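For the sequence shown, counting from 1, position 48 maps to 194 in the working numbering; every step adds exactly one.
Here is the structure we will look at.
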Amino acid sequence: DEEGPMPLPQSNAANAGGQGGASYGKALLPGEGQAIAQYVQQNLRIPRRGEIGYSGDDIEHFEKSGYVMSGSRHKRMNAVRIRKENQVYSAEEQRALALITMEENQQKEAQLMEDFRTMLKEKQKMREKGKD
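The structure is reproduced here in structure tokens:
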């Protein structure tokens with residue numbers, strides 16, 4: 147019986163955005179960061195200890211009914227969970243920012259290339275006019 151969030155079934159959205167060898171920082175078990183990241187990428191609630199196997203809606207229903215889930219009762223365990231989740235959130239934010247920066251750089255480069263093409267076409271027209 148394993149503890150912690152299990153990896154979600156692979157979907158196209160997770161495969162397109164996720165990197166197989168992404169680094170989520172230290173103090174995470176092998177595969178734990180990637181499992182948590184899959185929940186983050188799909189905007190799903192990260193299951194805590196004792197909540198695995200239940201959907202986010204089920205857990206919310208239990209908590210509204212008055213049940214205290216084991217993941218929210220222990221201060222130290224809760225602190226470790228929050229730290230691990232924050233590590234994954236930070237890594238995912240950095241990955242998203244790097245992707246945005248790369249896209250912006252590609253757009254700038256494409257605009258620069260277009261400007262050069264326009265300039266070259268204008269120079270060719272000027273040379274053709276000079277020959278006439």
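Glycine residues also receive a C-beta, built at the ideal position from the N, C-alpha and C atoms.
Here the structure is a predicted model, which means the values were calculated and not measured.
- Secondary structure of Val-214 (DSSP, three-state): coil.
- Rounded to the nearest angstrom, the gap between the Cα atoms of Asp-261 and Asn-189 is 40 Å.
- Boundaries for Gln-188: no alpha helix (DSSP H) harbours it, and the DSSP string shows neither H nor E there.
- Just so you know, the alpha carbons of Lys-230 and Val-186 end up roughly 12 Å apart.
- Taking a C-beta distance under 9 Å as the contact criterion, Gln-233 and Gly-177 do not qualify as a contact pair.
- CA-CA distance, Ile-205 to Arg-194, rounds to 10 Å.
- Counting only the Cα atoms, Leu-258 lies some 37 Å from Gly-171.
- Assignment of Leu-175 by DSSP, reduced to helix, strand and coil, places it in the coil class.
- With respect to Ala-237, Ser-169 sits close: the two C-beta atoms are nearer than 9 Å.
- Taking 9 Å as the cut-off, the beta carbon of Arg-191 is found closer than this to the beta carbon of Gly-202.
- Taken atom to atom, the span from the alpha-carbon of Gly-276 to that of Gln-252 is near 36 Å.
- By the 16-neighbour rule on beta-carbons within 10 angstroms, Ala-181 is buried.
- With respect to the C-alpha of Leu-175, the residue from Arg-263, Val-226, Glu-268 having the closest C-alpha is Val-226.
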